[in-house]
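Structure first, then comments.
Protein chains: 2
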Amino acid sequence: MLDYKLLEALATVIECGGFERAGAALGLSQSAVSQRIKALEIRLGQPVLIRHPHLEPTPAGRRLLNHHQQVRLLERDLRSALPTLEAASPRLRIALNADSLATWWAEAVSDFCRAEGLLLDLVIEDQDVGLKRLRDGDVAACLCASDQPIAGARCVPLGTMVYHPYATPDYIARYFPEGPTEVAFRQAPAIVYGPHDQLQHRFLAQCGYHGAFPHHLCPSSEGFVRLAAGGIGYGMMPRLQVESLVAEGRLASIAPARSLAVPLYWHFWRHSGELLARLTRVLGDIVLR
Amino acid sequence: MLDYKLLEALATVIECGGFERAGAALGLSQSAVSQRIKALEIRLGQPVLIRHPHLEPTPAGRRLLNHHQQVRLLERDLRSALPTLEAASPRLRIALNADSLATWWAEAVSDFCRAEGLLLDLVIEDQDVGLKRLRDGDVAACLCASDQPIAGARCVPLGTMVYHPYATPDYIARYFPEGPTEVAFRQAPAIVYGPHDQLQHRFLAQCGYHGAFPHHLCPSSEGFVRLAAGGIGYGMMPRLQVESLVAEGRLASIAPARSLAVPLYWHFWRHSGELLARLTRVLGDIVLR
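Quick note, the sequences are listed as chains A and B, same order.
Heads up: the first sequence at position 129 corresponds to 129 in UniProt numbering, and the numbers run straight through without jumps.
Heads up: the second sequence at position 286 corresponds to 286 in UniProt numbering, and the numbers run straight through without jumps.
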């Protein structure tokens, strides 16, 4: 059996962001924490922590942390079966897409988190990387647009998010006076979330345009909306995120007949305990628009 | 002299996210684009692109792309001196902190981007990584909290962003009935942006608390505000970002007497042309609160 005191030291160092604070959290001296980490590294035959430029786990350390998290989750189920065991806050590491986190996610899960005393450890990833992290055991669940199940995990559809190509009315008058034409697409600066974001390309293909287009890159949902509202580009945004700006007339669609529906799927390990099963039921009840 | 046709092929493949689209953008066949990339790799003696899981530049490819970007910027100055040369949109790759991008950034720069026809290529990084990318020549400028200048670059102070520890009134009533006490800090779930985010630790230290605290991790400015507004945690947020929620009474400070001022600095290469110098003047005129 693993020595979980050593794993706990590692998890606490990462969570607290330092040896001294981890010591305070565990009621140990800083050097006792260091010794535990060193003992872990000796048993493993390789480092578990990188000290510079940031304190972070090595890939091996990350694998240990994930195992530690899974054991914590299983312990939580045990504790609810045996309530006299001392309670501890559970923690779930979840990969999700940036637009969900910037829109419906918090409202959908906050009652559940409060009721269960659940702490979230969220990471933003696009679908390929998110599913890879699930496969690697680095996250317990992944919310993304892919419906390709991975072995050992379940995949539950959650509905779709609807995207429209929004810009300010001034921007539309300047760049799209004739509507979404090829000439306009060649000139009008778009906003793209990042190099792997395919929404803008899919929208242009839907309009029959396959050429190049000038674009800003902005890897932030909120920054994306702000750049569009600042009038320097148009881009595909979830209707959900901008409905108040649309209602106020500050953003409008450059092509009102066009939209893209992005399906969302919830992937999670089959055997990771009751807590994740209950969260899955909560997410199954949400209604996306 | 380098063969800039090859560099342009590389830049276009990355910007368009694929060989076929790059070909369309350059008026070349897909195989002609591949040949240019291959020619570049043969001259360099190493790959410039990684194909899987995503199309992205290798470190060497990134260095070439950055050089290509700098040459483009210098060409832009040349074109404004020689207006009969055909114009092209300039592009600036800038590293900045997530909270600036989620708040004042777009409003501060959008008039400038429109007037100059400037396209932004934004990357979100914390200060250490952002400054490293500037040093590596991967970005042309970096907006961050560090005032440590790097060799060859200038550093201009832009003011400060003020952070307060906000939560919902219900949350405050539940977890901080006696105000910000040690007992409360030990129980109340905080929200932290990521493992390198030191604001929460600095706030707790200011309150004289140095122990562990339960926390969510949420690497999204907008998601962070939404989790707090959903009532599942408190966290350090820029006043600028939440003033409407505070005015509506949906968020309040757990410790009204406490705040943290985070200074912001603009780092940029001294010799990267007039455009960056003008953008710097625009940023020098902003007034942060």
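Glycine included, every Cβ here is placed at the ideal spot set by N, Cα and C.
Item	Value
Residue burial classification, S244 (chain A) (beta-carbon count within 10 angstroms, cutoff 16)	exposed
Identified DSSP bridge partners for V121 (chain B)	Looking at the sequence itself, residue 121 (chain B) is Asp, so the reference to Val does not match. In DSSP, D121 (chain B) forms a bridge with A:L217, B:R93.
8 Å Cβ cut-off: residues of chain A touching A106 (chain B)	G223, R226, L227, A229, G230, I232
Sub-8 Å separation of M237 (chain A) and Y163 (chain A) beta-carbons	yes
Local conformation of E86 (chain A) per DSSP, three classes	Confidence is the limiting factor: at E86 (chain A) the pLDDT is only 48, short of 50, which leaves the residue's position unreliable, though a coordinate-based value still follows. Residue state, collapsed to three classes: coil.
Proximity test, Cβ basis, 8 Å: E56 (chain B) and chain A	yes
Contact list for G211 (chain B) against chain A, beta-carbon separation under 7 Å	A24, A25
Per-residue contacts from H164 (chain A) into chain B (C-beta, under 8 Å)	Chain B residues near H164 (chain A): none, gap ~19 Å exceeds 8 Å.
Start-to-end residues for the alpha helix (DSSP H) that takes in T280 (chain B)	274-284
Residues of the stretch 105-135 of chain B with Cβ closer than 7 Å to any Cβ of chain A, in chain order	W105, A106, E107, S110, C113, R114, L119, L120, D121, L122, V123, I124, D128
Cβ pair W104 (chain A), L240 (chain A) closer than 8 Å	yes
Assigned secondary structure, V109 (chain A) (DSSP; H/G/I helix, E/B strand, else coil)	helix
Burial state of E274 (chain A) (16 or more Cβ within 10 Å)	exposed
Where A9 (chain A) falls: helix, strand or coil (DSSP)	helix
Cβ-based neighbour list, A190 (chain B), same chain, cut-off 8 Å, excluding 5 preceding and 5 following	Q200, F213, P214, H215, H216, G233, Y234, G235
Nonlocal neighbours in the same chain, by C-beta distance under 8 Å from A229 (chain A), ignoring five residues either side	T168, L245, R250, L251
Buried versus exposed call for I42 (chain A) [16 or more other C-beta atoms within 10 Å across all chains shown]	exposed
Residue(s) in a DSSP beta bridge with H164 (chain A)	A:M237
Contact with chain B by H215 (chain A), beta-carbon distance below 8 Å	yes
Beta-bridge pairing of A252 (chain A) - partner residues as DSSP gives them	A:A167
Cα-Cα separation, L55 (chain B) to G18 (chain B)	7 Å
Distance between beta carbons of L118 (chain A) and P90 (chain A), contact taken as under 8 Å	6 Å
Same chain, Cβ closer than 7 Å to V242 (chain A), neighbours up to 5 away in sequence not counted	Y166, V225, L251
CB of R154 (chain A) within 8 Å of CB of R270 (chain A), strictly	yes
4 or more residues per run - each alpha helix (DSSP H) lying fully within the stretch 4-63 of chain A	4-16, 19-26, 30-44
Cα-Cα separation between F185 (chain A) and T160 (chain A), rounded to whole angstroms	26 Å
Same chain only: Cβ atoms within 7 Å of L101 (chain A), ignoring 5 sequence neighbours per side	L122, I124
Proximal residues to D147 (chain A) (C-beta, below 8 Å), its chain only, five neighbours per side dropped	C155, P157, P263, Y265
Exposure label - Q46 (chain B); buried when at least 16 CB within 10 Å	exposed
Spatial neighbours of N97 (chain A) in its chain, beta-carbon cut-off 8 Å, leaving aside the 5 residues before and after	I124, E125, D126, Q127, G130, L143, C144, A145, L264
CB-CB length for A140 (chain A) against L276 (chain A), believed under 8 Å	6 Å
Chain B contact for R202 (chain A) (CB, 8 Å cutoff)	no
Short CB-CB distance (under 8 Å) between E86 (chain B) and chain A	Bear in mind that a pLDDT of 48 at E86 (chain B), under 50, signals an unreliable position, so the number given afterwards is only what the model happens to contain. No, no contact with chain A.
Segment limits, alpha helix (DSSP H) that includes V129 (chain B)	127-135
Option in B:A247, B:P256, B:G152, B:D138 with minimal Cα separation from G179 (chain B)	B:P256
Collapsed DSSP secondary structure at A98 (chain B) in the structure displayed	helix
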